[in-house]
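> Going by this note's numbering, the first residue of the sequence shown is number 42, and it counts up by one from there. By construction, the Cβ of each residue, glycine as well, lies at the ideal position given by its N, Cα and C atoms. My questions all concern the structure below.
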Amino acid sequence: MLFRGVAPALVTPFSESGAIDKTAFCGLIEHQITSGASALVVLGTTGENPTVTSTERSELIATAVEHVSGRVPVIVGAGTNSTAESVTYSIEAERLGADGLLVVGPYYNKPPQRGFEAHVAAIAAATSCPIIIYNVPSRTGFDIELETILNLANEIPAVVGVKEASGDLSKVADLIQGRPDGFAVYSGDDEWTLFFLVLGGDGVISVVSNILPRMMHKLTQAGLEGDLTGAAGLHHALVHAMRACFFDTNPIPVKAVLAHLGKCRPTVRPPLAELPSEKKSRVMAAFASSLEDELGIQDSSW
């Protein structure tokens with residue numbers, strides 16, 4: 042198991058001109074580690090991976106691995122809707138020192154389940170990195186079925202977990218009950234984290250933790266330690282902020298809040314567009330009380 046707890050799906054900071062801002066990126070990484078992150082996810086959906094070039098991918102991975110320096114696992118989004126490209130990205134991520142790979146269900150071409158199994162098998166054969174499957178049918182148009190996840194978990198030792206964002210809690214319950222020993226089940230949606238923990242899940246790959254890392258750390262730790270009352274209280278304190286992350290396409294709202302806090306620019310790459318002012322006021326209002334709580338348990342560096 043790569044981690045238990047919370048792994049932020051990191052944003053990719055850009056300068057005003059649209060270039061990658063490595064200084065801001067390292068600042069975000071450092072704050073996550075000191076705030077209790079169990080792992081870091083680079084180049085996921087929140088990291089705007091579709092608009093990051095191959096050269097930039099390598100630079101980001103190398104920067105993350107160097108700055109983290111072994112303190113927590115670095116997990117790299119390497120899945121695409123092309124098996125050959127996914128294998129290439131996975132080999133490069135491993136070469137640069139990634140500790141694990143996040144492999145999303147192929148989007149747009151909507152393969153059969155057997156095709157996805159072959160896709161993952163090809164990646165596993167090409168690298169020695171542990172693999173977390175990522176099921177997010179709302180974005181991909183492709184649902185990785187329960188049987189497929191369990192087949193991969195049982196048949197390919199490198200497949201060590203799943204980030205499940207389908208919103209189907211019955212499926213999650215069956216998955217947790219039927220998984221092999223050591224196979225991790227992570228929530229792919231912050232708002233479902235509490236329920237995954239109640240069912241016996243292992244944590245969350247989180248969007249809101251870009252902004253509220255210590256509160257999400259406290260929530261997941263409470264749940265993993267069996268303090269469900271404490272976890273529920275933190276869920277209620279965070280839920281409006283969790284929802285505000287999706288008032289517009291992720292990561293647009295998250296970058297707007299980070300910009301408000303002076304941590305990076307709000308810049309996103311086209312065809313994404315920065316948050317309009319009327320939505321920004323709604324997002325900031327939703328984050329207001331959670332930010333006060335976060336600042337109350339943090340040092341003054343945030």
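Counting C-beta neighbours from all protein chains within 10 Å, is the total for N195 16 or more, i.e. buried, or is it exposed?
exposed
> Run through the stretch 192-251 for me and flag every whole alpha helix (DSSP H) of 4 or more residues, listed as ranges in chain order.
Taking only runs of at least 4 residues, the alpha helix (DSSP H) segments lying wholly in the stretch 192-251 are 210-219 and 234-240.
> Apply the 10 Å Cβ neighbour rule to S95 and answer buried if 16 or more other Cβ atoms are within range, or exposed otherwise.
exposed
> Counting only the same chain and skipping the five closest in sequence on each side, list residues whose C-beta sits under 7 Å from that of R272.
Looking at the sequence itself, residue 272 is Ala, so the reference to Arg does not match. Only L235, L238, L260, A263 and G264 meet the Cβ criterion.
> Between the alpha carbons of S123 and S79, how many angstroms are there, rounded?
30 Å
> With the cut-off set at 8 Å, would you say I217 and V226 are in Cβ contact?
yes
> Quick test of the definition: if touching needs 3 or more C-beta pairs under 8 Å, does the stretch 277-285 touch the stretch 95-105?
no
> For the candidate residues G267, G303, R323 and K212, whose alpha-carbon lies nearest to that of P294?
Of the candidates G267, G303, R323 and K212, the one whose C-alpha sits nearest the C-alpha of P294 is R323.
> With DSSP as the reference, identify every bridge partner of Y175, one or two as the case may be.
V145 and K204
> Note down, one range per segment and in chain order, each alpha helix (DSSP H) of at least 4 residues found wholly within the stretch 248-279.
254-265
> In three-state terms, what does DSSP make of I102?
helix
> Which stretch, first to last residue, makes up the alpha helix (DSSP H) that contains G59?
No alpha helix (DSSP H) contains G59, which DSSP labels as neither H nor E.
> Counting pairs of Cβ atoms below 8 Å between the stretch 122-138 and the stretch 47-57, do you hit three or more?
no
> Between the stretch 150-164 and the stretch 101-117, are three or more C-beta pairs nearer than 8 Å?
no
> Using alpha carbons as the reference points, say which of P307, E315 and N251 lies closest to I70.
N251
> Excluding the five sequence neighbours on either side, which residues of its own chain have a C-beta within less than 7 Å of the C-beta of L240, listed in chain order?
V213, A214 and I217
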